[in-house]
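Reviewing the structure listed below.
In this note's numbering, the protein residues as written are 525 to 992.
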């Protein structure tokens with residue numbers, strides 16, 4: 525079925541959706557949850573104990589990152605430094621005081637305290653703390669007790685899935701729960717579904733330990749300026765800049781969603797050293813952005829991340845994505861309209877769902893001096909079913925059900941407005957969106973160099989539907 529063009533006046537009602545009637549001031553806020561500073565140290569191993577080498581892995585300061593975030597239109601930022609032997613002391617004594625100074629200098633950006641955790645049996649993850657009086661003490665204790673690199677002699681004791689679960693439970697016990705997002709999940713993979721340190725089973729186990737803490741994974745990694753290997757995925761490659769777990773339709777992310785797990789994706793810069801001075805990274809917000817639908821306050825930003833009110837985008841291809849999935853009637857049993865991260869209740873007779881989109885385009889030029897043009901929007905659906913558990917790393921029900929190109933829409937006031945009929949093929953399922961400025965139908969493993977600025981994509985988090 526082809527999309528039906530509708531007036532902008534109708535779609536503007538999507539800005540206030542049924543579930544968000546009490547939060548009319550929510551808006552799309554761009555942010556970054558993985559940026560390094562000079563407190564991502566290297567170590568002088570000639571001393572006992574090892575001595576930290578400040579600036580060993582990045583020369584950026586907290587203020588540098590905050591200023592860049594402001595310059596490139598971010599409303600929120602998480603600095604996430606690496607660990608190492610007793611890195612928690614550096615976190616307490618040096619990194620946190622510097623964060624407080626940066627907050628005073630750049631108050632326009634909500635700056636969260638965080639680390640890049642050396643995950644027990646799982647490489648790296650962002651830990652994002654609520655902004656409160658306990659943020660330093662809780663994060664310092666968490667890194668001290670659960671990072672596999674904090675104490676060299678205890679690495680083997682800590683390096684297992686169960687120890688990570690203990691850490692998740694520790695964070696879950698706080699008055700305000702922090703957030704964990706798995707970074708670059710397939711970076712060590714050697715082929716399609718050929719995993720190394722990070723497996724789908726581990727991701728699902730950690731998520732199920734507490735879904736409000738371990739909320740998801742990076743769908744598109746940082747290091748997008750790495751020549752020959754966007755994302756610094758040197759062993760196998762990223763898929764047009766996305767992690768294979770996200771980029772392959774019917775792959776790992778769809779497998780997890782097919783279990784009914786509210787497991788969200790995001791994007792990050794993983795900023796260490798800028799491409800302009802010989803590095804492989806962009807500044808926070810320069811290329812990767814994660815947009816969250818939230819009030820302009822820290823607690824609601826975290827709530828939006830935790831509940832999937834978000835999408836990720838490259839190169840400012842779009843700046844807003846209001847989505848409403850409807851069953852077209854009020855059945856008296858619950859929601860008749862659901863947006864990103866939410867669940868629509870449907871009855872057995874409802875065979876067609878209605879999807880309304882309002883896509884806000886980039887108003888000007890991006891950081892590369894380009895005015896990107898959205899070429900296509902893909903609508904992807906899949907089943908939520910116990911049968912998905914029998915498909916390792918996959919969900920065979922997931923497919924692109926609509927490909928809508930720019931010849932099928934009009935742009936008014938920098939906005940695309942569409943209504944699309946979606947055949948309901950599954951009792952319970954989900955819908956997610958993807959778009960690009962290219963003619964590429966499906967992301968493929970990188971072959972040779974890719975200019976990231978000419979290969980732009982966005983990915984939304986899903987909407988679920990559930991039969992009553």
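Note that CB positions come from ideal geometry on N, CA and C, so glycine has one too.
(message) For residue 741 and residue 787, what's the separation of their Cα atoms in angstroms?
(response) If I take the Cα positions, the gap works out to 8 Å.
(request) In angstroms with no decimal places, state the Cα-to-Cα distance between residue 554 and residue 841. (result) Rounded to the nearest whole angstrom, the CA to CA distance from residue 554 to residue 841 is 13 Å.
(request) Could you check if residue 947 is buried or exposed, using at least 16 other CB atoms within 10 Å of its CB as the buried criterion? (result) Taking all protein chains shown into account, residue 947 has fewer than 16 neighbouring C-beta atoms within 10 Å of its C-beta and is therefore exposed.
(request) Identify, in the order they occur along the chain, each residue of the same chain with its Cβ nearer than 8 Å to the Cβ of residue 695, setting aside the five sequence neighbours on each side. (result) Counting only Cβ-Cβ distances below 8 Å, and skipping sequence neighbours, we find 651, 662, 666, 701, 702, 704, 734 and 737.
(request) Alpha carbon to alpha carbon, how far is residue 877 from residue 919? Give it in angstroms, no decimals. (result) Using only the alpha carbons, I get a separation of about 21 Å.
(request) Ignore the nearest five residues each way along the sequence and tell me which others in residue 830's own chain have a CB closer than 7 Å to its CB. (result) Counting only Cβ-Cβ distances below 7 Å, and skipping sequence neighbours, we find 703, 736 and 739.
(message) How far does the beta strand (DSSP E) with residue 604 in it extend, from its first residue to its last?
(response) Here the beta strand (DSSP E) through residue 604 covers 600-605.
(message) Suppose only complete runs of 4+ residues qualify. What are the alpha helix (DSSP H) ranges in the stretch 566-630, listed by chain order?
(response) Runs found: 586-595, 611-614 and 620-629.
(request) Taking the CB atoms as reference points, tell me whether residue 762 and residue 591 lie closer together than 7 Å. (result) Going by C-beta atoms, residue 762 is not nearer than 7 Å to residue 591.
(message) Contact between the stretch 958-974 and the stretch 891-904 is defined here as three or more beta-carbon pairs at a separation below 8 Å; is this criterion met?
(response) The answer is yes - the stretch 891-904 touches the stretch 958-974, with three or more Cβ pairs under 8 Å.
(message) Could you check whether residue 811 and residue 552 sit closer than 7 Å to each other, using their CB atoms as the reference points?
(response) Not a contact, by the Cβ cut-off of 7 Å.
(request) Tell me, please, whether the CB atom of residue 721 is closer than 7 Å to any CB atom in chain D? (result) Given the protein chain composition of this structure (a single chain), no chain D is represented.
(request) Have a look at 815, 593 and 792 and flag the residue whose alpha-carbon is nearest the alpha-carbon of residue 883. (result) Nearest of 815, 593 and 792 to residue 883, Cα basis: 815.
(message) Between 690, 691, 672 and 581, which has its C-alpha nearest residue 683's C-alpha?
(response) Residue 683 has its Cα closest to that of 672, out of 690, 691, 672 and 581.
(request) Taking residue 954 as the reference, give the member of 870, 893 and 891 with the closest Cα. (result) Closest by alpha carbon: 870.
(request) Counting only runs of 3+ residues fully inside the stretch 951-990, write out the beta strand (DSSP E) ranges in chain order. (result) Those beta strand (DSSP E) runs which fall completely within the stretch 951-990 and span 3+ residues are 953-960 and 981-984.
(request) Classify residue 916 as buried or exposed, calling it buried when 16 or more other Cβ atoms lie within 10 Å of its own Cβ. (result) The C-beta of residue 916 has fewer than 16 other C-beta atoms within 10 Å across all chains shown, which makes the residue exposed.
(message) Quick test of the definition: if touching needs 3 or more C-beta pairs under 8 Å, does the stretch 747-756 touch the stretch 790-808?
(response) Contact holds: three or more Cβ-Cβ distances are below 8 Å.
(request) Would you identify the three-state DSSP class for residue 644, choosing helix, strand or coil? (result) The three-state reading of DSSP puts residue 644 in coil, since its state is none of H, G, I, E or B.
(message) Tell me the rounded alpha-carbon separation between residue 766 and residue 775.
(response) Going from the Cα of residue 766 to the Cα of residue 775 covers about 12 Å.
(message) Give me the DSSP bridge partner(s) of residue 947.
(response) Secondary-structure assignment with DSSP links residue 947 through a beta bridge to 876.
(request) Please determine if the stretch 609-623 and the stretch 572-592 are in contact, where contact requires at least 3 C-beta pairs separated by less than 8 Å. (result) Verdict: yes, contact present.
(message) For residue 623, which residues in the same chain have their Cβ closer than 8 Å to its Cβ, ignoring the five residues on either side in sequence?
(response) So the qualifying residues of the chain are 586, 603, 635 and 637.
(request) Mind listing, in chain order, the continuous alpha helix (DSSP H) runs of no fewer than 4 residues lying wholly within the stretch 686-752? (result) The stretch 686-752 contains, as complete alpha helix (DSSP H) runs of 4+ residues, the segments 724-733 (chain order).
(request) Report the option in 715, 718 and 709 whose CA atom is closest to the CA atom of residue 728. (result) Ranked by Cα distance from residue 728, the options 715, 718 and 709 are led by 709.
(request) Work out the CA separation of residue 940 and residue 606 for me, nearest whole Å. (result) Computed Cα separation, rounded: 41 Å.
(request) Assuming residue 643 and residue 688 form a contact by the criterion Cβ under 8 Å, report the distance between their Cβ atoms to the nearest whole angstrom. (result) That pair is a contact at about 6 Å.
(message) I need the boundaries of the alpha helix (DSSP H) containing residue 679, first residue and last residue.
(response) 679-682 is the extent of the alpha helix (DSSP H) around residue 679.
(message) If the criterion is Cβ atoms closer than 7 Å, does the pair residue 833 and residue 904 meet it?
(response) For residue 833 and residue 904, no; Cβs fall outside 7 Å.
(request) Compare the C-alpha of residue 827 against each of 568, 889 and 865 and name the closest. (result) Taking only the C-alpha atoms, the option nearest residue 827 is 865.
(message) In the DSSP output, which residue or residues are listed as bridge partners for residue 637?
(response) 603, per the DSSP bridge assignment.
(request) Pick helix, strand or coil for residue 777, following the three-state DSSP scheme. (result) Annotated three-state conformation of residue 777 is helix, per DSSP.
(request) Return the bridge partner residues of residue 848 from the DSSP annotation. (result) In the DSSP output, where bridge partners are listed per residue, residue 848 has 880.
(message) Comparing C-alpha positions only, which one of 595, 581, 784 and 658 sits nearest to residue 809?
(response) The shortest C-alpha separation from residue 809 is found at 595.
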